[in-house]
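Enquirer:
In the working numbering, the protein residues as written are 24 to 495.
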């Protein structure tokens with residue numbers, strides 16, 4: 024009598040298969056399963072690193088924790104990993120690296136349970152180092168990578184750097200917008216840039232890299248169809264129409280994603296930091312992409328037409344903010360929004376990159392005109408110095424050199440040493456606002472040009488970068 028049961032069981036199974044395939048029986052959600060697996064992988068990876076630390080193998084813990092941050096940059100456990108990494112660096116005797124990570128935990132706007140202890144440990148380590156890393160002024164040389172053909176071209180720069188007792192070289196990626204071709208007509212080579220950084224590091228020199236974000240799209244040549252869509256828009260006063268700009272707009276999310284990936288590739292290079300240059304500022308007539316105009320119109324609830332902002336009798340404002348030219352109220356809303364939106368994008372970019380590049384310092388270039396004349400800063404450079412100073416930047420780079428510096432002039436023979444009204448008017452507000460003059464880096468004329476001038480009046484703590492963009 025028991026023999027029919029196997030056949031009955033087979034019949035039930037056979038009838039159940041079509042029902043299961045058609046959805047009668049719910050199947051587990053694959054997304055939830057993948058998410059749970061990913062979460063478990065993250066957890067085990069971090070636990071392995073922590074156990075390595077607790078065993079006292081601090082060098083191995085550093086490697087594992089850095090790998091975790093690179094592999095899981097958006098993980099909610101990233102702050103915990105950074106806490107253990109800072110402690111691993113501290114125990115391994117690499118105090119400078121430990122300070123960087125403790126500083127990140129102490130100053131990040133993301134609330135975390137490590138902030139108070141991180142601040143305390145950072146302060147203690149800075150005292151142990153003998154002097155504050157943030158209070159040490161810096162001296163160095165700015166070199167354009169557009170003039171570097173081989174790493175050996177930098178040997179003379181290193182000698183010059185030693186002559187001025189400098190310990191840093193600022194390598195500037197010039198703004199090339201026609202593919203990878205620079206304004207000089209010479210091709211730019213990423214391989215040469217990498218080799219130059221390695222060469223300088225081997226000489227014991229700290230290396231910073233300067234990039235103008237609006238120009239880096241030229242390195243996305245593998246995305247020709249996307250490149251044109253990333254281009255900004257500008258107003259042409261002659262034709263009184265909008266036209267495509269040769270530069271790229273930070274308003275596009277996909278372009279910002281490209282920037283993050285491009286910059287993150289620098290993680291394996293021995294760089295100390297990155298400075299966001301402003302070689303091509305967003306001027307009065309720029310930043311007018313349809314996306315930016317739409318975002319502005321939505322935020323303020325206005326019917327916004329960029330061409331309608333400009334008229335021939337309003338052009339005087341581009342050079343003189345006190346000209347008395349009257350512009351519609353929507354223009355000033357637009358100018359303020361453009362500056363705030365640019366800063367918001369840069370702040371988010373820095374916060375994202377700090378996770379991918381935890382040992383990097385990040386700086387930003389500021390126009391001195393924006394400090395002396397906030398109205399001109401908004402109109403001509405989309406900058407608000409007060410807001411920028413509160414941003415997550417480690418240093419602020421300003422240019423005070425040129426044939427006719429607008430705010431720094433050569434002292435006359437009869438002027439007493441240390442006296443410069445123009446300097447006090449333009450730069451002292453930066454020093455007073457920050458309270459940390461060492462965070463200000465100034466670009467000064469190179470040794471050859473400087474020898475023909477009187478001395479520049481600078482607070483002692485302010486960083487001095489000498490212009491050496493023309494290699495001998």
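Think of the CB as a built atom: it goes at the ideal place given N, C-alpha and C, for glycine as much as any other residue. Keep in mind the model is a prediction, meaning the values are calculated, not measured.
Can you tell me the Cβ-Cβ gap for residue 96 and residue 378, rounded? I've got them flagged as a contact below 8 Å.
Expert: The Cβ separation is near 5 Å, so the contact holds.
Enquirer: Measure the Cβ-Cβ separation of residue 211 and residue 295 and say whether it is below 9 Å.
Expert: Not in contact: residue 211 and residue 295 (Cβ atoms no closer than 9 Å).
Enquirer: What whole-angstrom Cβ distance do residue 293 and residue 230 have, given they're in contact under 8 Å?
Expert: With a Cβ gap of about 7 Å, residue 293 and residue 230 count as contacting.
Enquirer: Roughly how many whole angstroms lie between the Cα atoms of residue 55 and residue 162?
Expert: C-alpha separation (whole angstroms): 54 Å.
Enquirer: Note down, in chain order, each residue of its chain lying with its Cβ closer than 6 Å to the Cβ of residue 315, except the 5 sequence neighbours on either side.
Expert: For residue 315, where only same-chain residues beyond five positions count, the Cβ hits under 6 Å are 274.
Enquirer: Which one or two residues does DSSP pair with residue 195 in a beta bridge?
Expert: For residue 195, which the question treats as bridged, DSSP gives the partners 167, 233.
Enquirer: Do you know how far the Cα of residue 165 is from the Cα of residue 224?
Expert: About 15 Å.
Enquirer: Look at the Cβ atom of residue 91, then the Cβ atom of residue 65, and state whether they are nearer than 9 Å.
Expert: Yes, these two residues count as a Cβ contact at 9 Å.
Enquirer: Quick check on this structure: which residue in 78, 410, 456, 465 has the alpha carbon closest to the alpha carbon of residue 298?
Expert: Checked all of 78, 410, 456, 465; the closest Cα to residue 298 is 465.
Enquirer: Thinking residue 364 and residue 301 are a contact (beta carbons under 8 Å), I'd like their distance in whole angstroms, please.
Expert: So it is not a contact: roughly 15 Å between Cβ atoms.
Enquirer: Span of the beta strand (DSSP E) holding residue 458?
Expert: Taken as a continuous stretch (DSSP letters only), residue 458 belongs to no beta strand (DSSP E), as it is neither H nor E.
Enquirer: How many Å lie between residue 303 and residue 80 at the Cα?
Expert: Those two C-alpha atoms are separated by around 48 Å.
Enquirer: Pick from 78, 83, 276, 87: whose alpha carbon is nearest that of residue 68?
Expert: Per the Cα distances, 87.
Enquirer: Leaving aside the five residues before and after residue 356 along the sequence, list all residues of the same chain whose C-beta is less than 7 Å from its C-beta, in chain order.
Expert: Around residue 356: 323.
Enquirer: Closer than 7 Å by C-beta to residue 122: which residues in its own chain qualify, once you throw out the five before and the five after it? Chain order, please.
Expert: Answer for residue 122: 145, 148, 149, 156, listed in chain order.
Enquirer: Using the beta-carbon count (16 or more within 10 Å), is residue 73 buried or exposed?
Expert: With 16 or more Cβ atoms within 10 Å of its Cβ, residue 73 is classed as buried.
Enquirer: Take residue 272 and list the residues in its own chain whose beta-carbon comes closer than 6 Å to its own, dropping the five residues that flank it on each side.
Expert: Result list for residue 272: 255, 312, in chain order.
Enquirer: Less than 9 Å between the beta carbons of residue 333 and residue 258, yes or no?
Expert: Closer than 9 Å, so yes.
Enquirer: From the DSSP output, read off the bridge partner residues of residue 384.
Expert: Answer is 296, bridged to residue 384.
Enquirer: Taking the alpha-carbon positions, what's the residue 71 to residue 118 distance?
Expert: For residue 71 and residue 118, the distance between alpha carbons rounds to 23 Å.
Enquirer: I believe residue 282 touches residue 380 by the beta-carbon criterion, under 8 Å. Please report the beta-carbon distance rounded to the nearest angstrom.
Expert: The Cβ separation is near 13 Å, so there is no contact.
Enquirer: Taking residue 488 as the reference, which of 170, 173, 192, 260 has the closest Cα?
Expert: Nearest option by C-alpha distance: 192.
Enquirer: Report the CB separation of residue 105 from residue 127 in whole angstroms; it is logged as a contact under 8 Å.
Expert: 6 Å between Cβ atoms; contact.
Enquirer: For residue 368, which option in 194, 94, 236, 468 has the closest C-alpha, if you only look at C-alpha atoms?
Expert: It is 236.
Enquirer: Buried or exposed: residue 342, going by 16 or more other Cβ atoms within 10 Å of its Cβ?
Expert: Annotation note: pLDDT 40 at residue 342 (below 50); position unreliable, coordinate value reported separately. Label assigned to residue 342: exposed.
Enquirer: Have a look at 199, 178, 245, 241 and flag the residue whose alpha-carbon is nearest the alpha-carbon of residue 221.
Expert: Closest by alpha carbon: 178.
Enquirer: Residue 401 and residue 362: beta carbons closer than 9 Å?
Expert: It is a contact, given that the beta carbons lie within the stated cut-off.
Enquirer: Spatial neighbours of residue 44 within its chain, please: CB distance less than 6 Å, with the 5 preceding and 5 following residues excluded, ordered by chain position.
Expert: Any reading at residue 44 is ruled out, since the residue's pLDDT is 41, under 50, leaving its predicted position unreliable.
Enquirer: Out of curiosity, what's the CA-to-CA distance linking residue 484 and residue 421?
Expert: Near 15 Å, if we compare the C-alpha coordinates of residue 421 and residue 484.
Enquirer: Going straight from the alpha carbon of residue 174 to that of residue 102, what length do you get?
Expert: For residue 174 and residue 102, the distance between alpha carbons rounds to 38 Å.
Enquirer: Report buried or exposed for residue 63, applying the criterion of at least 16 other Cβ atoms within 10 angstroms of its Cβ.
Expert: So residue 63 counts as exposed.
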